[in-house]
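Each residue of the sequence shown is one higher than the one before, counting from 3 in my numbering.
We treat Cβ as the ideally placed atom computed from N, Cα and C, and that holds for glycine.
All figures in this text were calculated on a predicted structure; none of them were measured in a lab.
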Amino acid sequence: MLVTTASPRKPPRLDQNGNTFAPGSEYLSTQQPTPFLLKATRVLMPLLCLAGTASVAQRITVEYRDKPPYSFTDRGQPAGFLLKRTIEILKLARVEAVYVEMPLKRIMNDIQANQDELCSPSWYKLPEREKFARFSLPIHQDKPHVVLASGAAAPALRAHASMAAMMADTRFSLGVVEGVSYGPELDKAIAAMARPPIRAVISPMQLAKMVAVRRADYMLIDQEDLNWIDTKGEINALNLVRINYPDAPEGLKRYLMCSRQVEPRTMERIDQAIRQLLPELNPRAD
């Protein structure tokens, strides 16, 4: 806590006519301002006002979902490597924020409703989302998705030379997390499957358990999710098998997705901080 004490009061200072004046007023001329001074004042005052407000940014709410290791709540505090990166970005941008965990669909609905100044980390930048949201510069790039298969299905799935051929095999069922995007290429491939996928509003870990008990034969999973699930050897314990395919699409970039209530000037401050913290994802054009 900062504690201040009052200074002894000094006697008033008087001008040559015996009148009291404020400190610093000895630098003011008693003459009438010239036309040049009046013109200069009209030009400079708006600039001074802007300079005075430049450090003041919008206060925003950051809604994040329970998706470890990217974002989650740990002992009442926001956690996860990408949520911590978001906190660092907003601090550098001098954007005040409060953090609230929300279900995925609620976050999407809130940003679409555009009633409040909201941002959310870890979203893919897709054309349908750009219609209602603002996006920052990228804050992370995924590695390619891999397949996580049940031990029973793995040998036949591994026999396919490509992910495309594997997904065309109607003997096996794909499980997907409902309401999320796997990226444009995989979303399109999933939509075109002859055997529709099994969809469930669950976490990747819960979907992995579904695959383990053969309610689905395999799932697509990004490697950060997979590493989190396997922190204590759960993949072997569940008799699941990781399969890599050479034609898996390149990992997508993740962004802060914000409602349009977040002003462009605030987004620019955020982007400037991202450029400073993540130059490898955001190289400057020569």
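### Task
Quick one: measure Cβ to Cβ for residue 106 and residue 260, integer angstroms, because I've assumed they're closer than 8 Å.
Within the sequence shown, numbered from 1, the residue matching residue 106 stands at position 104. Within the sequence shown, numbered from 1, the residue matching residue 260 stands at position 258. Not quite, the Cβ-Cβ distance comes to about 16 Å (not below 8 Å), so this is no contact.
### Task
Starting from residue 141, trace the beta strand (DSSP E) both ways and give me its first and last residue.
As a first step, residue 141 is located in the sequence shown; it is residue number 139 there, counting from the start. No beta strand (DSSP E) contains residue 141, which DSSP labels as neither H nor E.
### Query
Where residue 54 and residue 282 are concerned, what is the direct C-alpha to C-alpha distance, given to the nearest angstrom?
The residue you call residue 54 lines up with position 52 of the sequence shown. The residue you call residue 282 lines up with position 280 of the sequence shown. Here the model assigns residue 54 a pLDDT of 42, short of 50, so the residue's position is not dependable and the matter cannot be decided.
### Query
What do you get for residue 215, buried or exposed, if any count of 16 or more other CB atoms within 10 angstroms of its CB means buried?
Within the sequence shown, the letter at position 213 stands for residue 215. With fewer than 16 Cβ atoms within 10 Å of its Cβ, residue 215 is classed as exposed.
### With 16 other Cβ atoms within 10 Å as the buried cut-off, status of residue 227
In the sequence shown, residue 227 corresponds to position 225, counting from 1. For residue 227, the number of other beta carbons within 10 angstroms of its own is at least 16, and it is reported as buried.
#### Entry: Inter-residue spacing [alpha-carbon to alpha-carbon] between residue 195 and residue 231
On the sequence shown, position 193 is the one that residue 195 refers to. On the sequence shown, position 229 is the one that residue 231 refers to. Cα-Cα distance, rounded: 27 Å.
### Query
Leaving out five residues before and five after residue 101 in sequence, what residues of the same chain have Cβ atoms less than 6 Å from its Cβ?
For the purposes of this step, residue 101 is identified with residue 99 of the sequence shown, where counting begins at 1. Once the five neighbours on either side are set aside, the close Cβ partners of residue 101 are 64, 80.
### Message
Do residue 273 and residue 139 count as a contact pair if the criterion is CB distance below 8 Å?
### Response
By 1-based counting over the sequence shown, the position of residue 139 is 137. By 1-based counting over the sequence shown, the position of residue 273 is 271. Against a cut-off of 8 Å, the Cβ pair of residue 273 and residue 139 comes out as a contact.
### Message
Could you give the first and the last residue of the continuous alpha helix (DSSP H) run that contains residue 273?
### Response
If you number the sequence shown from 1, residue 273 lands on position 271. Segment 266-279, the alpha helix (DSSP H) holding residue 273.
### Message
Distance check for residue 224 and residue 125, CA to CA, integer angstroms please.
### Response
Sequence index remark: in the sequence shown, residue 125 carries index 123 (1-based). Sequence index remark: in the sequence shown, residue 224 carries index 222 (1-based). Taking the straight line joining both Cα atoms gives about 13 Å.
### Query
Grouping DSSP H, G and I as helix and E and B as strand, with all else coil, what is residue 86?
Counting from 1 along the sequence shown, the entry for residue 86 is found at position 84. Three-state result, residue 86: helix.
#### Entry: Local conformation of residue 106 per DSSP, three classes
If you number the sequence shown from 1, residue 106 lands on position 104. Reduced to three states, the DSSP call for residue 106 is helix.
### For residue 152, the residue or residues it bridges with in DSSP
Reading the sequence shown from its first residue, position 150 is the one you call residue 152. According to DSSP, which records beta bridges pairwise, residue 152 is partnered with 242.
### Task
Keeping to the same chain, check which residues put their C-beta closer than 6 Å to that of residue 201; ignore five residues upstream and five downstream.
Residue 201 sits at position 199 when you count from the first residue of the sequence shown. Correct list, in chain order: 178, 180.
### Task
Taking 8 Å as the cut-off, decide whether the C-beta atoms of residue 155 and residue 174 are in contact.
The residue labelled residue 155 in the question sits at position 153 within the sequence shown. The residue labelled residue 174 in the question sits at position 172 within the sequence shown. Taking 8 Å as the Cβ cut-off, residue 155 and residue 174 qualify as a contacting pair.
### Query
In its own chain, which residues sit with a C-beta less than 8 Å from the C-beta of residue 56, not counting the 5 before and 5 after it?
Within the sequence shown, residue 56 is the residue found at index 54, counting from 1. Model confidence at residue 56 stands at a pLDDT of 48, short of 50, so the residue's coordinates are unreliable and nothing is read from them.
### Task
For residue 86, I'd like the list of residues in its chain whose CB is within less than 7 Å of its CB, leaving aside the five on either flank, ordered along the chain.
In the sequence shown, the residue the question calls residue 86 occupies position 84. Excluding residues within five positions, none has a Cβ falling inside 7 Å.
### Task
Kindly list the residues whose CB is nearer than 6 Å to the CB of residue 72, restricted to its own chain and excluding five residues on each side of it in sequence; keep chain order.
Position 70 of the sequence shown holds residue 72. The answer, listed in chain order, is 82, 84, 124.
### Message
Within the continuous alpha helix (DSSP H) that includes residue 65, where are the two ends?
### Response
On the sequence shown, position 63 is the one that residue 65 refers to. That residue, residue 65, is in no alpha helix (DSSP H); its beta strand (DSSP E) goes 62-66.
### Query
Are residue 152 and residue 247 close, meaning C-beta to C-beta below 8 Å?
Position 150 of the sequence shown holds residue 152. Position 245 of the sequence shown holds residue 247. No, the pair does not count as a contact, with Cβ atoms beyond the cut-off.
#### Entry: DSSP-derived helix/strand/coil call for residue 285
For the purposes of this step, residue 285 is taken as the residue at position 283 of the sequence shown. DSSP places residue 285 in coil when its eight states are reduced to three.
### Task
Go ahead and pull the three-state DSSP assignment for residue 117.
Sequence index remark: in the sequence shown, residue 117 carries index 115 (1-based). Three-state result, residue 117: coil.
### Message
Rounding to the nearest angstrom, what Cα-Cα distance links residue 172 and residue 210 in this structure?
### Response
Indexing the sequence shown from 1 puts residue 172 at position 170. Indexing the sequence shown from 1 puts residue 210 at position 208. One C-alpha to the other measures close to 20 Å.
### Query
Which residue's Cα is closest to the Cα of residue 132: 276, 285, 262?
One-based indexing of the sequence shown puts residue 132 at position 130. Out of 276, 285, 262, 262 has the C-alpha closest to the C-alpha of residue 132.
### Message
I'd like to confirm the pairing. Which residues does DSSP put opposite residue 125 in its beta bridges?
### Response
Position 123 of the sequence shown, counting from 1, holds the residue named residue 125. Beta-bridge pairing links residue 125 to 257.
### Query
When DSSP labels each residue in this structure, what does residue 195 get in the three-state scheme?
In the sequence shown, counting from the first residue as 1, residue 195 sits at position 193. Three-state DSSP puts residue 195 in coil, outside helix and strand.
### Query
By Cβ distance, which residues of its chain are closer than 7 Å to residue 252, with the 5 residues on each side in sequence left out?
One-based indexing of the sequence shown puts residue 252 at position 250. If we look at residue 252 and ignore the five residues flanking it on each side, its Cβ neighbours are 146.
### Nearest residue (CA-CA) to residue 269, options 76, 98, 66, 77
Against the sequence shown, residue 269 aligns to sequence position 267. The candidate whose alpha carbon is nearest that of residue 269 is 98.
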